[in-house]
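In the working numbering, the protein residues as written are 1126 to 1462.
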């Protein structure tokens, strides 16, 4: 009950913030307050319990700053990945080579937050990895280049990407300090979409892949500029070929929506059911649900399970994974959880 009350209050307070209101007292009373209760009741509720101290801190650092999720660090072999929320549900990522402190940022739609994070971490930003040209991924490129003191190499696979000066294609490689980056061409969501697989030099570790809007946790991007054959190749050939332990950092916080569809497709899949419960706990405190792994996606993502009989049966298509992919995407486009 407390969590439900807090969720309502948190939503109300955050909405006040976004409307630019500086005085809560003049507004309606707290949710579930007794008749006639006003701002005093809201104030008393907020200062009462030590129980909600963590949630209040989260609200100050997440809700009041307009972030949909908290900032988190993920430590991998020889690299650190800083998860940076942006816009309504986007994720940017700062990749840092632990040995040299050189860094690259993925899809920096919020340059101010990127620069703030880079300066606080005292790392050397010199590369931008752009997954595709859509504004919520590439829309900050030009501003970041103008705001940044040094030279930035801006990578991408599409001429529509702003400030791009390093066009890349399938299997092209470059480095971030001592980290190796391999480009995977994954056209479909957009014709020039690139995923970036980053691994440590002289290491057998699986590393991380930054998948933009091609592969989400439990889902995939819409087929705006491509075909089911292309998405099948992207998910079930190129990305599936990565080591199962590869961490997947996708472009949006879509996990619960996607996993609800996955449950609709495979209602008896325990991996799906367990992930939904885990994700609900994470999102209750605004924690990101990324990353997953390639191996996990093979267990619960219907778009990477188009060979499975349970998924094909749902789609009503036998022994044709590409047609199953097409049918699933059409259904997902209109799915209401």
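Virtual Cβ for every residue (Gly too), placed ideally from N, Cα, C.
Asked                                                                                                                : Found
Residue 1386 - containing alpha helix (DSSP H), residue span                                                         : 1380-1390
Sheet register partners of residue 1208 (DSSP bridge)                                                                : 1197, 1218
Beta-carbon proximity of residue 1323 to residue 1301, cut-off 8 Å                                                   : yes
For residue 1238 and residue 1263, the rounded distance between their alpha carbons                                  : 15 Å
Continuous beta strand (DSSP E) stretch holding residue 1324: start and end                                          : 1319-1325
Beta carbon of residue 1349 nearer than 8 Å to that of residue 1314                                                  : yes
Inter-residue spacing [alpha-carbon to alpha-carbon] between residue 1452 and residue 1440                           : 6 Å
Helix, strand or coil at residue 1459 [DSSP, three-state]                                                            : coil
Residue 1168 classed as buried or exposed, judged by whether at least 16 other C-beta atoms fall within 10 angstroms : Caution applies to residue 1168, whose pLDDT of 32 falls short of 50 and renders its modelled position unreliable; the value that the coordinates give is listed next. Under this definition residue 1168 is an exposed residue.
Sheet register partners of residue 1309 (DSSP bridge)                                                                : 1320
Cβ-based neighbour list, residue 1477, same chain, cut-off 6 Å, excluding 5 preceding and 5 following                : Only positions 1126 to 1462 of the chain appear in this structure, which leaves residue 1477 out of reach.
Same chain, Cβ closer than 7 Å to residue 1378, neighbours up to 5 away in sequence not counted                      : 1193, 1194, 1214, 1216, 1413, 1414
Nearest neighbour of residue 1327, chosen from 1231, 1339, 1304, 1308 [CA to CA]                                     : 1304
Cutoff 7 Å; reference residue 1255; Cβ partners in own chain excluding five residues on either side                  : 1232, 1262, 1263, 1266, 1279, 1280, 1281, 1286, 1289
Three-state class that DSSP yields for residue 1345 in the structure shown                                           : strand
Element boundaries [alpha helix (DSSP H), containing residue 1266]                                                   : 1266-1272
Residue 1462 versus residue 1420 - alpha carbon distance                                                             : 25 Å
CA-to-CA distance, residue 1338 to residue 1496, given in whole angstroms                                            : In the structure as shown, the chain begins at 1126 and stops at 1462. Residue 1496 is therefore absent and cannot be evaluated.
Residue 1170, DSSP secondary structure in three states                                                               : Residue placement at residue 1170 cannot be trusted, given a pLDDT of 31 that sits under 50; the coordinates are not used to answer.
Cβ neighbours of residue 1199 in the same chain (closer than 6 Å, five flanking residues each side left out)         : 1206
Whole-angstrom distance between residue 1424 and residue 1433, CA atom to CA atom                                    : 10 Å
Own chain, CB closer than 6 Å to residue 1457, minus 5 neighbours either side, in chain order                        : 1386
C-alpha distance - residue 1320 paired with residue 1309, whole-angstrom precision                                   : 5 Å
Top-ranked residue by Cα proximity to residue 1364, from 1381, 1296, 1241                                            : 1296
N-terminal and C-terminal residue of the alpha helix (DSSP H) that residue 1436 is part of                           : 1434-1440
Beta-carbon spacing of residue 1316, residue 1373 below 8 Å                                                          : no
Whether residue 1228 touches residue 1243 by CB criterion (8 Å)                                                      : yes
Check whether residue 1283 and residue 1258 have beta carbons under 8 Å apart                                        : yes
Where residue 1373 falls: helix, strand or coil (DSSP)                                                               : strand
For residue 1459, the nearest candidate out of 1442, 1410, 1383 (CA to CA)                                           : 1383
Enclosing beta strand (DSSP E) for residue 1397 [first to last residue]                                              : Element bounds for residue 1397: not the beta strand (DSSP E) but the alpha helix (DSSP H), 1395-1409.
Classification of residue 1329 by the beta-carbon crowding that lies within 10 angstroms, buried from 16 upward      : exposed
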